[in-house]
Amino acid sequence: MEVFYITTPIYYTNAPPHVGHAYTTLFADVIARFKRLTGARVFYLTGTDEHGLKIQRAAESHGKLPKVFVDEVVNVFKKYWKSLEISYDYFIRTTDELHEKTVKEAFTQIYKKGYIYKARYSGLYCVECEKYYAPGEYVEVEGKPYCPLHNKPLEYMEEETYYFKLSDFKDYLLDVLENRDVVYPRHYAQEVISKLKSEDLRDISVARPIEKVWWGIPVPFDDKYV
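Using our numbering, you'd call the opening residue of the sequence shown number 164 and step up by one each time.
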């Protein structure tokens, strides 16, 4: 029997779902239902990403604790998916105990292997993207740096944080993209391959100090970071 796994993005809970969420989830539902009709053993996953600064700020703007706020938003997601008869098999939440346990175990193992390190960084940060933007990656509006995706001003931040050594995996990623059919349509894989060959991969921030953002999963060996 064919085993078929399909997932939507896990959606941010800083606001209720909109038509874009429904569009993506319905597409996945159609594929899951079709594969079940062919006799495949299907596991269809959807869920919510409930941590981070933008969700912390959204909760504060409503005068609520983050967990109370995300619980309310998650209930709206589930209500909408029920009304649309979405046939997901599991709804994962990043606030679930199992998810937090798994993240802590994985983070510790990756750190022990030397792929996570602490370093100081200063630069322009997008709260919506939850990432730093280097020169050339952002746009300017009236002389001020803006996120090219969200059209919102970037914030200057300087902090010591934990990074994942993504730069160590450039050759591995190229090998996977060039020799395995893992990205469809194929021209999207070629776009990523071209970018990888022309640019160096930057290490990515995977934990931030609690004085900047406290709503997250604590780093298991450093209680000053999430």
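Ideal Cβ placement from N, Cα and C applies to all residues, glycine included. Predicted model, so just to flag it, every value in this text is computed and none were measured.
Check your understanding: Beta-carbon separation of residue 381 and residue 322 under 9 Å?
Key -> no
Exercise for review: Report the option in 178, 172 and 206 whose CA atom is closest to the CA atom of residue 165.
Suggested key: 206
Point to revise | Minimum length 3: unbroken beta strand (DSSP E) runs contained in the region 287-367 | key: 294-296, 302-304, 307-309 and 318-327
Practice item. Taking the CB atoms as reference points, tell me whether residue 300 and residue 217 lie closer together than 9 Å. Key: no
Check your understanding: Leaving out five residues before and five after residue 257 in sequence, what residues of the same chain have Cβ atoms less than 6 Å from its Cβ?
Key -> 212, 213 and 214
Review point. Candidates 281, 353, 311 and 330: which alpha carbon is nearest residue 385's?
Key: 281
Point to revise | the region 191-210 contacting the region 247-263, beta-carbon criterion three pairs below 8 Å | key: yes
Check your understanding: So what does residue 283 bridge to, in DSSP terms?
Key -> 323
Review point. From residue 210 to residue 222, what distance separates their C-alpha atoms?
Key: 19 Å
**Study point:** Straight-line gap, residue 269 to residue 305 (C-alpha atoms, nearest Å)
**Key:** 43 Å
Check your understanding: residue 200 and residue 170 look like a contact to me (Cβ under 8 Å); what is the Cβ gap, rounded to whole Å?
Key -> Residue 200 to residue 170, Cβ: 19 Å. No contact.
Point to revise | Sub-9 Å separation of residue 232 and residue 241 beta-carbons | key: no
Practice item. Below 8 Å on the Cβ atoms is my guess for residue 243 versus residue 185; work out the distance and round it to an integer in Å. Key: 7 Å
Point to revise | Given residue 311 as reference, the closest of 287, 330 and 327 once Cα atoms are compared | key: 287
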